[in-house]
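Participant: Dropping a structure here in structure tokens format, bear with me for questions.
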Amino acid sequence: MSEPVLAPIAAADWAAALGLVIRLHDREADAELLALLAGADPGALFAGLLNTPAEADALTALSAALRDLAGQGDGSAALDEIAVDFCDIYLTHGYRIAPSGSVWMTEEHLERQAPMFAVREWYAHYGLAVPDWRLRADDHLVHELQFVQHLLCDKAEFAATDAARFLDAHALPWIPDFCAAMQKRARTPFYRATGALTQAFLGALRDWLAETTGIAPNVLSHAFAREADRKAREDELKAAEQPFVPGLAESW
């Protein structure tokens, strides 16, 4: 008997799985989400997408975290711990890690710097904008991953190519480091597993995009990104020193 022919993994499969990853970071895990995850095998949720030993370890960590939560009675105490952990990771800076690219990719480690405006230009190119950049910056992890998800669903000719380039220039220079810090500092196994899963997933997604588009990964290092940011600021200062000449520069 011949082996069954498996359907190739499509961008829609990656987009759907990325939606779950985004949900894990977007807001604290509640009873509804945990019930959904408990009723499903994490390996099945990411079937065909995460296949290497390291990726399998991330799925095993999530499975173990869910089993641990299932064994904690009515779960109210566990949900309280998860809520506190979420706040310390994403809201209060309790762990001294930030979920925004500017903090990781600029020398001053400040929010809402040049990297944020760079990703804003990407969003605008596709007719997108964040709801409130003062509440959650454009280069927040959730917004950047939502944009990648949008590109995976987009039927435009260069959308997959743009997804690969956006990951290399804006998401992968810092999100894996953020996730590694989560694994070390988060108190709950659930959020440590979330960090491991996200790190593994983005690596696997970028590998798939390399196969699909032919564009090999070329992730900017922090140092390179900071140097690019410094040069951009210097160019802005130089431009500000020049007199305005109608027709040679943008006007309002």
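When you line the sequence shown up against numbering that gives the first Met the number 0, it's residues 0 to 251, in that order. Ideal Cβ placement from N, Cα and C applies to all residues, glycine included.
What is the residue span of the alpha helix (DSSP H) that arginine 66 lies within?
Facilitator: Residue numbering aside, residue 66 sits at position 67 when the sequence shown is read from its first letter. It spans 52-69 - the alpha helix (DSSP H) in which arginine 66 sits, taken as one unbroken run.
Participant: Round the Cβ separation of arginine 173 and tryptophan 103 to the nearest angstrom and send it over; I've been treating them as touching at under 8 Å.
Facilitator: Position 174 of the sequence shown holds residue 173. Position 104 of the sequence shown holds residue 103. Reading off the sequence shown, one finds tryptophan at residue 173, where the question assumed arginine. With 8 Å as the limit, tryptophan 173 and tryptophan 103 qualify as a contact, their Cβ atoms being about 4 Å apart.
Participant: Within its chain, find whatever has a CB closer than 6 Å to the CB of alanine 163; leave out the 5 residues flanking it on each side and keep chain order.
Facilitator: The residue labelled residue 163 in the question sits at position 164 within the sequence shown. Around alanine 163: Leu208, Thr212 and Ile214.
Participant: With 16 other CB atoms within 10 Å as the buried threshold, where does proline 130 fall?
Facilitator: Within the sequence shown, numbered from 1, the residue matching residue 130 stands at position 131. Exposed, since its Cβ has fewer than 16 Cβ neighbours within 10 Å.
Participant: Drop a sphere of 10 angstroms on the beta-carbon of glycine 194, count the other beta-carbons inside from all chains shown, and report buried for 16 or more, exposed for fewer.
Facilitator: Numbered from 1 along the sequence shown, position 195 holds the residue referred to as residue 194. Buried, since its Cβ has 16 or more Cβ neighbours within 10 Å.
Participant: When DSSP labels each residue in this structure, what does histidine 92 get in the three-state scheme?
Facilitator: By 1-based counting over the sequence shown, the position of residue 92 is 93. Correct three-state label for histidine 92: coil.
Participant: Inspect the beta-carbon positions of phenylalanine 165 and proline 98 and report whether they are closer than 8 Å.
Facilitator: Residue 165 sits at position 166 when you count from the first residue of the sequence shown. Residue 98 sits at position 99 when you count from the first residue of the sequence shown. No. Outside cutoff.
Participant: Please report the residue range of the alpha helix (DSSP H) in which leucine 33 lies.
Facilitator: In the sequence shown, the residue the question calls residue 33 occupies position 34. Per DSSP, leucine 33 belongs to the alpha helix (DSSP H) from 30-37.
Participant: Across which residues does DSSP place serine 99 in a beta bridge pair?
Facilitator: Working through the sequence shown from its first residue, we reach residue 99 at position 100. Serine 99 pairs with His139.
Participant: Does the distance from the C-beta atom of isoleucine 88 to that of alanine 185 stay below 8 Å?
Facilitator: Residue 88 sits at position 89 when you count from the first residue of the sequence shown. Residue 185 sits at position 186 when you count from the first residue of the sequence shown. Yes, Cβ-Cβ distance for isoleucine 88 and alanine 185 is below 8 Å.
Participant: At the level of alpha carbons, what is the spacing between methionine 0 and aspartate 206?
Facilitator: Counting from one through the sequence shown, the residue named residue 0 turns up at place 1. Counting from one through the sequence shown, the residue named residue 206 turns up at place 207. Residue placement at methionine 0 is poorly supported in this model, since its pLDDT is 42, which falls under 50; the coordinates still yield a value, given next. Rounded to whole angstroms, methionine 0 to aspartate 206 spans 32 Å at the Cα level.
Participant: Taking Cβ positions, are leucine 58 and isoleucine 8 nearer each other than 8 Å?
Facilitator: Along the sequence shown, read from residue 1 onward, the residue named residue 58 stands at position 59. Along the sequence shown, read from residue 1 onward, the residue named residue 8 stands at position 9. The answer is no: Cβ separation not under 8 Å.
Participant: For leucine 61 and proline 41, which I take to be in contact (beta-carbon distance under 8 Å), what is that distance rounded to the nearest angstrom?
Facilitator: For the purposes of this step, residue 61 is taken as the residue at position 62 of the sequence shown. For the purposes of this step, residue 41 is taken as the residue at position 42 of the sequence shown. So it is a contact: roughly 5 Å between Cβ atoms.
Participant: Take aspartate 79 as the anchor and find which of Ala30, Ala63, His124 and Ala53 has the nearest alpha-carbon.
Facilitator: As a working mapping, residue 79 is identified with position 80 in the sequence shown. It is Ala30 whose Cα lies nearest to the Cα of aspartate 79.
Participant: Pull up the distance between the alpha-carbon of proline 114 and that of alanine 136, whole angstroms please.
Facilitator: As a first step, residue 114 is located in the sequence shown; it is residue number 115 there, counting from the start. As a first step, residue 136 is located in the sequence shown; it is residue number 137 there, counting from the start. Whole-angstrom Cα-Cα distance: 10 Å.
Participant: According to DSSP, is isoleucine 174 helix, strand or coil?
Facilitator: Here residue 174 refers to the residue found at position 175 when the sequence shown is read from its first residue. Helix at isoleucine 174.
Participant: Using the rule of at least 16 other Cβ atoms within 10 Å of the residue's Cβ for burial, across every protein chain shown, is leucine 109 buried or exposed?
Facilitator: For the purposes of this step, residue 109 is taken as the residue at position 110 of the sequence shown. When all chains shown are included, leucine 109 counts as exposed.
Participant: For aspartate 84, collect the residues of the same chain with a Cβ closer than 7 Å to its Cβ; drop the 5 residues on either side in sequence, then sort them by chain order.
Facilitator: Counting from 1 along the sequence shown, the entry for residue 84 is found at position 85. So the list reads Ala185, Arg186, Thr187 and Tyr190, once near-sequence residues are dropped.
Participant: Using the Cα positions of tyrosine 94 and histidine 142, report the straight-line distance between them to the nearest angstrom.
Facilitator: Counting from one through the sequence shown, the residue named residue 94 turns up at place 95. Counting from one through the sequence shown, the residue named residue 142 turns up at place 143. Distance between the alpha carbons of tyrosine 94 and histidine 142 is about 21 Å.
Participant: Identify, in the order they occur along the chain, each residue of the same chain with its Cβ nearer than 7 Å to the Cβ of proline 216, setting aside the five sequence neighbours on each side.
Facilitator: The sequence position of residue 216 within the sequence shown is 217, counting from 1. Hits under 7 Å: Asp167, Arg205 and Ala209.
Participant: When burial is assigned at 16 or more other CB atoms within 10 Å of the CB, is glutamate 76 buried or exposed?
Facilitator: The count along the sequence shown starts at 1 and reaches residue 76 at position 77. The residue you asked about is not glutamate; residue 76 is alanine in the sequence shown. Its Cβ having fewer than 16 others within 10 Å, alanine 76 is exposed.
Participant: Spatial neighbours of histidine 24 within its chain, please: CB distance less than 6 Å, with the 5 preceding and 5 following residues excluded, ordered by chain position.
Facilitator: Mapped onto the sequence shown, residue 24 falls at position 25. These residues qualify, in order along the chain: Leu140 and Val141.
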